[in-house]
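Residue numbers (our numbering), protein chains in the order written: chain A, 1 to 10; chain B, 1 to 215. Okay, structure first, notes after.
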């Protein structure tokens, strides 16, 4: 979902 | 994960290795801004709060630990190592970096994805990272001679976020078509701040001259 996807980079 | 992102992360890691190498090999941190390094510790701590709560991939987890560990090590060297700390010239490192924290935090309170602690701090870390290089760039403009390792460090540090911009373009047009305005704009501002450094760095490299930034 939104939050999961947002923080998948460094 | 795409090639641009991997290249970006490796360039970022390489910039930190170059810096650690410089400090460890020459036992000197001349030309390095402690303030920028301290800002990076804050950036990584506030960005990787989910280190233990959310598992994205082994790669992400390992890189987060490496970034936190190396940024702490660099600050430790510059503050407490008996030889290295003598070479830190605080009179040159004049930028009031604490003045960057509040505006970035207020902006994160106003402009974020979700109003949760994790997301506001993650957003704060993106805004802070965009401007964290300022003390270092100001120091470079004031310091007469920039040694090669320091110049290379700043170059690779600037290149990594530029590669991330390519990664975001790739992801948007070829993968998930998701607009990520906060990292995009922060990343563009961050890369733009290096524009004049890149110009003089490449110019000096072409003319095989010592890198000098106009004051």
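The beta-carbon is built from N, C-alpha and C at its ideal position, and this holds for glycine as well. What you are looking at is a predicted structure, and each value in this text was computed from that prediction instead of being measured.
Can you give me the C-alpha to C-alpha distance between residue i and residue j, rounded to a whole angstrom?
i, j, result
"residue 110/B", "residue 158/B", "27 angstroms"
"residue 210/B", "residue 122/B", "38 angstroms"
"residue 152/B", "residue 19/B", "9 angstroms"
"residue 74/B", "residue 25/B", "13 angstroms"
"residue 6/A", "residue 83/B", "42 angstroms"
"residue 146/B", "residue 97/B", "21 angstroms"
"residue 207/B", "residue 56/B", "44 angstroms"
"residue 106/B", "residue 125/B", "12 angstroms"
"residue 88/B", "residue 81/B", "11 angstroms"
"residue 69/B", "residue 196/B", "30 angstroms"
"residue 35/B", "residue 193/B", "17 angstroms"
"residue 198/B", "residue 155/B", "7 angstroms"
"residue 191/B", "residue 162/B", "6 angstroms"
"residue 180/B", "residue 21/B", "35 angstroms"
"residue 2/B", "residue 11/B", "14 angstroms"
"residue 213/B", "residue 200/B", "7 angstroms"
"residue 183/B", "residue 90/B", "32 angstroms"
"residue 164/B", "residue 86/B", "36 angstroms"
"residue 59/B", "residue 13/B", "13 angstroms"
"residue 1/A", "residue 76/B", "Confidence in residue 1/A is poor, its pLDDT being 44 and thus under 50, which makes the residue's placement unreliable; the coordinate value appears in the next sentence. Cα to Cα, residue 1/A sits roughly 38 angstroms from residue 76/B."
"residue 187/B", "residue 27/B", "32 angstroms"
If we call anything under 8 angstroms between Cβ atoms a contact, is residue i one with residue j?
i, j, result
"residue 10/A", "residue 9/B", "yes"
"residue 42/B", "residue 128/B", "yes"
"residue 132/B", "residue 120/B", "no"
"residue 32/B", "residue 150/B", "yes"
"residue 140/B", "residue 95/B", "no"
"residue 4/B", "residue 113/B", "no"
"residue 178/B", "residue 172/B", "yes"
Residue range of the alpha helix (DSSP H) that residue i falls in?
i, result
"residue 220/B", "No answer is possible for residue 220/B: the residues shown for chain B start at 1 and end at 215."
"residue 132/B", "Run containing residue 132/B: none; DSSP gives neither H nor E here."
"residue 103/B", "98-110"
"residue 92/B", "Per DSSP, residue 92/B belongs to no alpha helix (DSSP H) and is neither H nor E."
"residue 196/B", "195-206"
Judging by CA-CA distance, which residue of the options is the nearest neighbour of residue i?
i, options, result
"residue 39/B", "169/B, 203/B, 136/B, 194/B", "136/B"
"residue 142/B", "46/B, 178/B, 102/B, 92/B", "92/B"
"residue 37/B", "48/B, 203/B, 53/B, 67/B", "67/B"
"residue 101/B", "85/B, 117/B, 130/B, 116/B", "130/B"
"residue 63/B", "45/B, 213/B, 23/B, 118/B", "45/B"
"residue 218/B", "176/B, 177/B, 148/B, 188/B", "This structure leaves residue 218/B out entirely; chain B is present only between 1 and 215."
"residue 215/B", "176/B, 144/B, 174/B", "144/B"
"residue 7/B", "160/B, 205/B, 116/B, 189/B", "160/B"
"residue 222/B", "176/B, 205/B, 54/B, 79/B", "With chain B covering 1 to 215 only, the question about residue 222/B has no answer from this structure."
Which residues, in chain order, does the stretch 91-118 of chain B contribute to contact with chain A at a C-beta distance below 9 angstroms?
113, 114, 116, 118
According to a CB-to-CB cut-off of less than 9 angstroms, which residues of the stretch 2-16 of chain B neighbour chain A?
5, 8, 9, 12
Please identify, using Cβ separations under 9 angstroms, the residues of the stretch 178-206 of chain B that lie next to chain A, in order along the chain.
178, 180, 182, 183
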